[in-house]
Every structure is written in C-alpha cells, then in structure tokens.
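Student:
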Amino acid sequence: MIQLTPMRTLLLLALASLAGAQDKAPSDPASLAAGKKLYDFHCAFCHGKGDDGMAANLVTPVLVHAPSDAALVSVIKNGLGGGMPGALGMTNEEMWQVAGYVRSLGRTAPTSVPGDVAAGKAIFNGKGGCAGCHMVAGQGGKLGPDLTHIGVMRSPSNLRTSIVDPNAAIVSGWVMTHITTKDGRKLSGIRLSEDQFQINIRANNGQLLSIAKADSTNIQRDLSKSSMPSYAKTLTSTELDNLIAYLFTLRGGL
Amino acid sequence: MRWPVRLLLFTALAAFAQSPDPGNWLHYQGNLEGHRYSPLTQITKANAARLKPAWVYQIDKLDKFEASPIVRDGIMYISEPPSDVTALETRSGKVLWKYKRTLPDGLPFCCGRVNRGVGILGDKIYIGTLDAHLVALDAATGNVIWDVQVADIKKGYSSTVSPLIVKDKVIIGSAGGEFGVRGYIAAYDAKSGKEVWRTWTVPGAGEKGAETWLGDSYKYGSATTWVTGSYDPSTNLTFWGTGNPGPDWKGDKRKGDNLYSDSVLALDADTGKMKWYFQFTPHDVHDWDATQTPIVTDDLWNGRMRKLLLFANRNAFYYVFDRETGEYLLGKEYVKQTWAQKELDPKGRPIRIPGKEPTPGGTEVYPNSTGATNFQAPSYSPKTKLHYVMTRDEGGIFYSGDDTYKEGSWYLAGRFVSKPGEEHKGAIKAMHPQTGTAKWEYPLAAGSWAGVVSTAGGIVASVTADGDFIVLDDTTGKLLYRFPTGGAAFANPVSYIGADKKQHIAVATGHALWSFTLD
Chain Y
0 MIQLTPMRTL LLLALASLAG AQDKAPSDPA SLAAGKKLYD FHCAFCHGKG DDGMAANLVT
60 PVLVHAPSDA ALVSVIKNGL GGGMPGALGM TNEEMWQVAG YVRSLGRTAP TSVPGDVAAG
120 KAIFNGKGGC AGCHMVAGQG GKLGPDLTHI GVMRSPSNLR TSIVDPNAAI VSGWVMTHIT
180 TKDGRKLSGI RLSEDQFQIN IRANNGQLLS IAKADSTNIQ RDLSKSSMPS YAKTLTSTEL
240 DNLIAYLFTL RGGL
Chain D
0 MRWPVRLLLF TALAAFAQSP DPGNWLHYQG NLEGHRYSPL TQITKANAAR LKPAWVYQID
60 KLDKFEASPI VRDGIMYISE PPSDVTALET RSGKVLWKYK RTLPDGLPFC CGRVNRGVGI
120 LGDKIYIGTL DAHLVALDAA TGNVIWDVQV ADIKKGYSST VSPLIVKDKV IIGSAGGEFG
180 VRGYIAAYDA KSGKEVWRTW TVPGAGEKGA ETWLGDSYKY GSATTWVTGS YDPSTNLTFW
240 GTGNPGPDWK GDKRKGDNLY SDSVLALDAD TGKMKWYFQF TPHDVHDWDA TQTPIVTDDL
300 WNGRMRKLLL FANRNAFYYV FDRETGEYLL GKEYVKQTWA QKELDPKGRP IRIPGKEPTP
360 GGTEVYPNST GATNFQAPSY SPKTKLHYVM TRDEGGIFYS GDDTYKEGSW YLAGRFVSKP
420 GEEHKGAIKA MHPQTGTAKW EYPLAAGSWA GVVSTAGGIV ASVTADGDFI VLDDTTGKLL
480 YRFPTGGAAF ANPVSYIGAD KKQHIAVATG HALWSFTLD
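Chains Y and D supply the protein sequences, listed in that same order. For the first sequence, position 198 (counting from the first letter as 1) is numbered 197 according to numbering that gives the first Met the number 0, and the numbering increases by one without interruption. For the second sequence, position 267 (counting from the first letter as 1) is numbered 266 according to numbering that gives the first Met the number 0, and the numbering increases by one without interruption.
In structure tokens:
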C-alpha cells in the first residue's frame, strides 16, 4: 500500500469530491419510483415489502451490513455470503436507485412499538425461556441465533411471526439436524456445514461435532421446520407485545 | 528483475515448437477432440491414495479463478482474473513472468471478472480479454507481440473463453449473451493477428435462419460462444456450442426457434463456413446455453464404425450425433427435468410441456438456469469409452420481466431463483454414449462448478462443491483419494508431466492453483 501524508490524503479527498464520486443514494421521486420497480423485481422475493420477508428487515434506519449508502450499493452489487446473491442485471445507476429506495423504507421505520420493554426483558429471561437458546450481548444460550442486533435485523411484525409461528420464519442456513451413529448414539444440533463425507454440527449442548457420514446410519435435516417451539399459547397477548417491544430495542449499539 | 540461471533455461525451453509429448497439456481440453483425457499412467488406481499436493500457487485477486492451465515442456501458462497471464515453473509453482492487463472501467460482463485459460502455439501465448481483445504474448517473456480488438465493449461484448488453436489459427468465441450482443466465432492468423474468418451465430437480415426470429429481434439474438469448442482433423470441422438467445427469460419479442442459439455448430476450420447445425433447445426461455464441450470420437454405432459427436447438454438431455453429417443418433434425459416430455421427437427436437415459460408470478421448472451441467468441462476416456460429466440437480422459479433493449446494457427480461426449501445436489456421471445412461455415478452433497479429467491410469479427478479434490476409479466411481483444499472450484483439472518428471494433476480452487503428484 502507498503511504499517504495527511496533506496528500486531504488533497485526494478534495479531488474525489470534485470528481463527483457518488456517495449518497438518490432520494428524488423519479429515482425512488425506479428503485421501487427494481426492488419489487429483484429483492421482494426474499425481503417482501421490506419488513415482512424471510430476509433481513429493510424498514430500519440502520442496516447491519450497510453503514453507508456506498456500502449498501456494494451489498446489492456483490451480495453477502449465504442467502443474499449479488445483483444480476442491474446497472450501476440502477443499484444506486435501489439503495435510495431501501433508504426511503428506512425513513418510515417505527421508532418504538407498543409494549413494556422491562416486562418484555423479564419474559425473555424468565417465563419465555428465550435466553436458554438465544444470546444477547454475549449472555445466553447457543442453540438459536444471536439476537444482539435483532431489533435492526427484523421488523416488529416479523418478530411476532417468528415467535407465534416459527415455521413461517425459518432463518436461512439454520437447519436442525438429527443424526444416529452406527454405535447407537443420537445427536442433534444445528448443521454448520456438510459434504458427502461428513456433517458438522453444533450439538444442543454447544459442542462442535464433526461426524463422518460413514459412521452414521441416519441423518434427518429439518429443512422446513424450526427447532423453536411456538409461543402462541404460552404467552398472553400483552406478554407478546412486551417481548416484541424488548426485542425491538436490541440494536447492539447501532 | 533477475532470475536464477535454471529458470532462464526453463523460459528458453518455452520457445520450442509444439511437442506431441503426452506429458504436455496443450489445449483447453488437453486435445483438440475435447477429451480432457491424459494418456499418462504414473498415477493409477492402485497408487492414487498416495497423491499429495506438490505445490500451491496463490493469486492475489478475489475474483473467481476459472483458468484451465496449459503446460508445455515443464512450464505452465495460466490466466488469472481479470485478464492477466502468468507463466509458472512446475517444480514448485514459482512465477517466471506475468502479463498484467489494464482494463477500462465499466466493462459489461455477466458473471464476474473471469477468464478460462490461454492458448499456445510455437513461441506465443494467446488470451481473450475481458475488454474483448485477443492478445498474443511472447511465451518466453510475456511481452505483447500483437493485440487486436475482436469486438466492441460498448455493445456489451467481452471475452472469457480459452482460445482454440487449430493449425495456424487462433479461434475465439464471444461473451455478452446477457447484453443482447450478436454472437460469433472468429479465427485469427496466429502469426499476425489478422482476422481470417468470422461466423455469426445469429443470422443477419435476409439470411437463412433470420425467419426464426420475430421482426428484427435477431439483432439482439446473443447465442454467444464462451466455452472452447473442439476440432476434428479427419473432417477439418470445428464444433462450437452456442449460448442462450437474448433476452434470457422472455421470448415474446423473439417468437420462433431463434437460430442458432442453444445449438452446436459444425464449421469448416479454414473458412468458418457452417456445414451443419443442431439446435438443442429451440426458443429457449430458461437460459440453457449449449456451451458445453462437444466431444469428438469414433466408435461402433449399430454395428458400423461412425464419426461421433457427444454432447451432455445444460437442458438435461444427453445427445449423440454423426459429426460428418449432423445426423441425430440419440437423445436422452440424464438429469431431472420437467420442461419437456421424456422422449425427444425422432429428429431430436424436444416436445415442450405447456405452461413452463417464465411468468411475472413465477413458474417452477427443473433444472433451473444453472442447468444439468454448465461450463464444468466434461472428460472422455478412449480407454473406458465413458463420458464423465459433472451434473447438477436443482429446480428453479422463473420470472419474466421488462424486455426493453438498450445497447450495452443488461438484456435479461427476467430472473430465476433456486427452488426454496430444496438443497441442490450433484453427481459425477459416467455416461455411456451408446445408451445415454450413466454406467456409474458418484453422488455429491451439493452441485459443484468444477470439471473433470480422466487419465490412462484409470482415474477420474475433480473437485467437490466445497473444495475437496477427489480422485475416482474410472470404471466404478469408487473414491480413491481426497484432499480438502478449502475453496470451491470454478475450474477444470488437467494432468501433465512436471519439471520433476512426475505426473501431476493441477486444478484451481478458491484463489489458488494446486498441483498434486505422488509422494
């Protein structure tokens, strides 16, 4: 890497801004309309209207993987590892239009949801037993996804679905797997990776296990079933509101 | 930069003429017939378990590394993304020289800044570049000998294909099938860089075949040729598979068969004149490019020796032709498909099942656009007479969209997503050309983007989806060796004799090139 003196850096920055390098997503009505059209075609399959899809909530002012508009365009262009593919068929200008539309969704985000946050936290750690499986800021269980940023990642309505009907909101790549080994052991856990030789899981006790397929007699993958139980009957409607209000505050400092 | 004397000797050797030595790997597919088969026998079924990585060469880019190496007299020539060339010695994979190309901004390309390899003839190395040039480099230094523009990037053209060297010509295909270009195959004089012939893969106004396109839709017909074709010296024909018609996922504006998209073309290698063609998927709306490698072989067919052409297609059917006449001999479903009736018609034309076209709301079809196979190079062993194919099994939901054409811009008119709630699978299938069925298959937990190589030692080598280099028995599919390289492959293995006089198998995975040999 070329070492730059502070003066040279300033000069370069000034030149970059003179050159008009784009750093702000457009917000004029025409661009937003174009962005929405592209969004509906390319993004809505997974992100829904923005807050009701199976992928990350976009109706939020802060996006975990896109602190800046340029970073958002980069995510749109290149995708993220896992389920989010890079854009195919969008020009650079169109990607900025989509970014502009996504940011406009963020501006409509609710700032709070009805419910008592403190009471929700008590349910999370108590009656709901959520902390048994989920971690928040380094505390809690390891079976389910880390919820430290969940207030940014998921909308209140999506959180509600996840709690009352978990099978309708399965997290991509989070597959509960049950393995019977040749020596009669029964192991269950979240699948971390798999090929034709072995399957690697995080067992329910938190252990990381690598099991050779040659040593197993049966492998069952719950591809369309969440390992989380439904809380529709366990929690009252008020308790549910409180829990969602608490989860919505979990932003990991973002 | 100064090099040790022995390396200078290596580079001097590179100036030697084309050698028939079986230890060399002189073409993309090893030979012109498209076999990706090595006659080398040091590595066998019996000793393959003793394979070990001899060396690893790492590239310094994060783009997909799709190169298939060329090896001559112990020196390896590879392309690196985006359009660079590197010469390596093969004792430890150290760099002898590099050619780095400066590319203009804003290049049109669909699927990454990739290149599939270089060509070699005499003292020159040839590369097709992402900015649609063909460049001849000096094999000893990497210096540019000549550099010609093959097509115009403003129209959406690029080049990613490894050139095919036939006699004194460099034959290069086109890329840009997602930008509504007009595909071509072009031959250049290897010495001077002068264009000798160019055959368009989509007819022009008034030409035969133009009637298979509604209105003037042929102008944006695509049918690009982005995987290297093959050549048959006995008929002097070069065979090239062509890509999807444009736009990919909506056919309303291009009603008709859309010749010569999704076809195999048989061209006279001296003139480019088309002797015959066969279209696999007339009026394709699922992006099933027929850019797989056509395989040239002679064998008995119904009791009589015939000149055959084998073709495992992306549309999930396996085909055999008489390559002299183009006569269709066999077509058979070899991977799950739901778009056509199981049996092709007597001329090999698919009988479509209605209601399988992309729609605004989505239509489920097997296979999805990644296809039954794609740019994973197949292999044919003259020893086993089996055609080894990396296959993929995955359904998709196809959507149609806006089909407005704009020069140099995306021309897709739709998209597809993998079928939700389903995990894709794959298999290496040992296809028996006489029956169109697999003699054996080695199932893969996920579909891989690597090709296969077979050898006279009785092995088939490839890479799994998550980067395990594997070696199989060529007659049974039994696993003989496995080495996890830690990076998915988008490339094809080759086999050669290294400077250490040992047989190697080399393949790019992740961002590294691995060369395996016996301990």
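Backbone N, C-alpha and C define an ideal beta-carbon position, used for all residues, glycine too.
Kindly indicate which three-state DSSP category A118/Y falls into: helix, strand or coil?
Tutor: Mapped onto the first sequence, residue 118/Y falls at position 119. Here A118/Y sits in helix by DSSP.
Student: What is the rounded straight-line gap between the Cα of V116/Y and the Cα of T248/Y?
Tutor: For the purposes of this step, residue 116/Y is taken as residue 117 along the first sequence, with counting starting at 1. For the purposes of this step, residue 248/Y is taken as residue 249 along the first sequence, with counting starting at 1. Their backbone Cα atoms lie some 8 Å apart in a straight line.
Student: Under 9 Å, Cβ to Cβ, is there at least one residue of chain D near L71/Y?
Tutor: Locating residue 71/Y in the first sequence gives position 72, where the first residue counts as 1. No, L71/Y lies away from the interface with chain D (no Cβ there is under 9 Å from its Cβ).
Student: Mapping the DSSP letters down to three states, classify N199/Y as helix, strand or coil.
Tutor: Residue numbering aside, residue 199/Y sits at position 200 when the first sequence is read from its first letter. Three-state DSSP puts N199/Y in a strand.
Student: Using a Cβ cut-off of 9 Å, pull out every chain Y residue sitting near T463/D, in sequence order please.
Tutor: Looking up residue 463/D in the second sequence gives position 464. Residues of chain Y passing the Cβ test: D194, Q195 and F196.
Student: Assuming contact is defined by CB atoms lying nearer than 9 Å, are I184/D and S191/D in contact in what I supplied?
Tutor: Within the second sequence, numbered from 1, the residue matching residue 184/D stands at position 185. Within the second sequence, numbered from 1, the residue matching residue 191/D stands at position 192. Contact flag unset, no.
Student: Could you tell me which residues DSSP puts in a beta bridge with A511/D?
Tutor: On the second sequence, position 512 is the one that residue 511/D refers to. Paired residues: Q57/D and T508/D.
Student: Should G22/D be labelled buried (16 or more other beta-carbon atoms within 10 Å of its own) or exposed?
Tutor: Along the second sequence, one-based indexing puts residue 22/D at 23. Answer is buried; the Cβ neighbour count reaches 16.
Student: Using a 10 Å radius around the Cβ and a threshold of 16 neighbouring Cβ atoms, would you call G360/D buried or exposed?
Tutor: Sequence index remark: in the second sequence, residue 360/D carries index 361 (1-based). By the neighbour-count rule (16 or more Cβ atoms within 10 Å), G360/D is not buried but exposed.
Student: What three-state label does DSSP hand T89/D in the structure shown?
Tutor: For the purposes of this step, residue 89/D is identified with residue 90 of the second sequence, where counting begins at 1. Three-state result, T89/D: coil.
Student: Can you tell me whether L299/D is buried or exposed, with buried defined as 16 or more other CB within 10 angstroms of its CB?
Tutor: Within the second sequence, numbered from 1, the residue matching residue 299/D stands at position 300. Label assigned to L299/D: exposed.
Student: Taking 9 Å as the CB-CB cut-off, is F44/Y touching chain D?
Tutor: If you number the first sequence from 1, residue 44/Y lands on position 45. By this cut-off, F44/Y is an interface position.
Student: Can you name the residues of chain B whose CB is closer than 9 Å to the CB of A135/D?
Tutor: Judged by its chain identifiers, the structure shown contains no chain B, and its protein chains are Y and D.
Student: Quick one, which of P107/D, D137/D and D288/D has its alpha-carbon nearest A86/D's?
Tutor: Along the second sequence, one-based indexing puts residue 86/D at 87. Answer by Cα proximity: D137/D.
Student: For the beta strand (DSSP E) that K428/D lies in, which residues bound it at each end?
Tutor: What you label residue 428/D is simply residue 429 of the second sequence in a count that begins at 1. Start and end: K424 to H431.
Student: Figure out for me which residue from W439/D, G73/D, V452/D and Y410/D has the closest Cα to the Cα of K252/D.
Tutor: As a position in the second sequence, residue 252/D is number 253, starting the count at 1. For the residues W439/D, G73/D, V452/D and Y410/D, the minimum Cα distance to K252/D belongs to Y410/D.
Student: Keeping to the same chain, check which residues put their C-beta closer than 7 Å to that of V58/Y; ignore five residues upstream and five downstream.
Tutor: Numbered from 1 along the first sequence, position 59 holds the residue referred to as residue 58/Y. Taken in chain order, the residues that qualify are G49, D50, L104, G105, T107, A108 and S154.
Student: When the Cα of K530/D is compared with those of A53/D, K60/D and F468/D, which residue comes out closest?
Tutor: The structure shown does not extend to residue 530/D, since chain D is modelled only from 0 to 518, so the question has no answer here.
Student: Count the C-beta pairs between the segment 414-422 of chain D and the segment 250-270 of chain D that are closer than 8 Å, then say yes if the count reaches three, no if not.
Tutor: Counting Cβ pairs under 8 Å, fewer than three are found: no touch.
Student: Could you give the uninterrupted runs of the alpha helix (DSSP H) lying entirely in the segment 307-393 of chain D, keeping only those of 4 residues or more?
Tutor: Within the segment 307-393 of chain D, no complete alpha helix (DSSP H) run reaches 4 residues.
Student: At least one CB of chain Y closer than 9 Å to the CB of S91/D: is that the case?
Tutor: As a first step, residue 91/D must be located in the second sequence, where it is residue number 92. It does not: the Cβ of S91/D has no partner Cβ on chain Y nearer than 9 Å.
Student: Tell me, please, whether the CB atom of R71/D is closer than 9 Å to any CB atom in chain Y?
Tutor: Position 72 of the second sequence, counting from 1, holds the residue named residue 71/D. Closer than 9 Å: no.
Student: Please list the partners that Q223/Y has in chain D, where partner means a Cβ-to-Cβ separation under 8 Å.
Tutor: For the purposes of this step, residue 223/Y is taken as the residue at position 224 of the first sequence. The question names Gln, yet the displayed sequence has Ser at residue 223/Y. What S223/Y touches in chain D: G420.
Student: Enumerate in chain order the residues of its own chain whose CB-to-CB distance from D145/Y is below 6 Å, with the five nearest sequence positions on each side excluded.
Tutor: Translated into the one-based positions of the first sequence, residue 145/Y becomes position 146. If we look at D145/Y and ignore the five residues flanking it on each side, its Cβ neighbours are M134.
Student: In chain order, which beta strand (DSSP E) runs of at least 3 residues are fully inside the segment 105-193 of chain D?
Tutor: Taking only runs of at least 3 residues, the beta strand (DSSP E) segments lying wholly in the segment 105-193 of chain D are 118-120, 123-127, 132-137, 143-148, 163-165, 168-172 and 183-188.
Student: For a test of the three-state rule: what should DSSP assign to A265/D, helix, strand or coil?
Tutor: For the purposes of this step, residue 265/D is taken as the residue at position 266 of the second sequence. Of the three classes helix, strand and coil, the one that applies to A265/D here is strand, per DSSP.
Student: Determine the burial state of V143/D: buried for a count of at least 16 other Cβ atoms within 10 Å of its Cβ, exposed for fewer.
Tutor: Stepping through the second sequence from its first residue, residue 143/D is reached at position 144. Burial call: exposed.
Student: Which residues of chain Y have a Cβ atom closer than 7 Å to the Cβ of W225/D, listed in chain order?
Tutor: As a first step, residue 225/D must be located in the second sequence, where it is residue number 226. By Cβ distance, chain Y contributes nothing, its closest Cβ being about 16 Å from W225/D, past 7 Å.
Student: Nearest CA to the CA of T232/D: which residue from S262/D, K166/D, P244/D and K218/D?
Tutor: As a position in the second sequence, residue 232/D is number 233, starting the count at 1. Correcting the residue type first, residue 232/D is Pro in the shown sequence and not Thr. The residue with the shortest Cα to Cα distance from P232/D is K166/D.
Student: Within 10 angstroms of its Cβ, does E342/D collect 16 or more other Cβ (buried), or is it exposed?
Tutor: For the purposes of this step, residue 342/D is taken as residue 343 along the second sequence, with counting starting at 1. Result: exposed.
Student: Counting Cβ pairs, one atom from each stretch, are 3 or more of them under 8 Å apart for the segment 24-44 of chain Y and the segment 89-101 of chain Y?
Tutor: Yes, since at least three Cβ pairs between the segment 24-44 of chain Y and the segment 89-101 of chain Y fall closer than 8 Å, the two stretches touch.
Student: So, L307/D versus D297/D, is the Cβ gap smaller than 9 Å?
Tutor: Residue mapping note: residue 307/D aligns to position 308 of the second sequence, counting from 1. Residue mapping note: residue 297/D aligns to position 298 of the second sequence, counting from 1. Closer than 9 Å, so yes.
Student: Just the C-alpha distance for S236/Y and Y245/Y, rounded to the nearest angstrom, thanks.
Tutor: Start at 1 with the first residue of the first sequence, and residue 236/Y comes out as number 237. Start at 1 with the first residue of the first sequence, and residue 245/Y comes out as number 246. So the two alpha carbons sit approximately 14 Å from each other.
Student: Give the range of the beta strand (DSSP E) segment to which E79/D is assigned.
Tutor: Mapped onto the second sequence, residue 79/D falls at position 80. Note, E79/D: beta strand (DSSP E), I74 to E79.
Student: Figure out for me which residue from G394/D, L31/D, E206/D and V149/D has the closest Cα to the Cα of W196/D.
Tutor: For this step, residue 196/D is matched to residue 197 along the second sequence. For W196/D, the nearest C-alpha among the options comes from V149/D.
Student: Is it the case that the Cβ atoms of H177/Y and V63/Y are separated by a distance below 9 Å?
Tutor: Taking the first residue of the first sequence as 1, we reach residue 177/Y at position 178. Taking the first residue of the first sequence as 1, we reach residue 63/Y at position 64. Cβ distance not < 9 Å, so H177/Y and V63/Y don't count as in contact.
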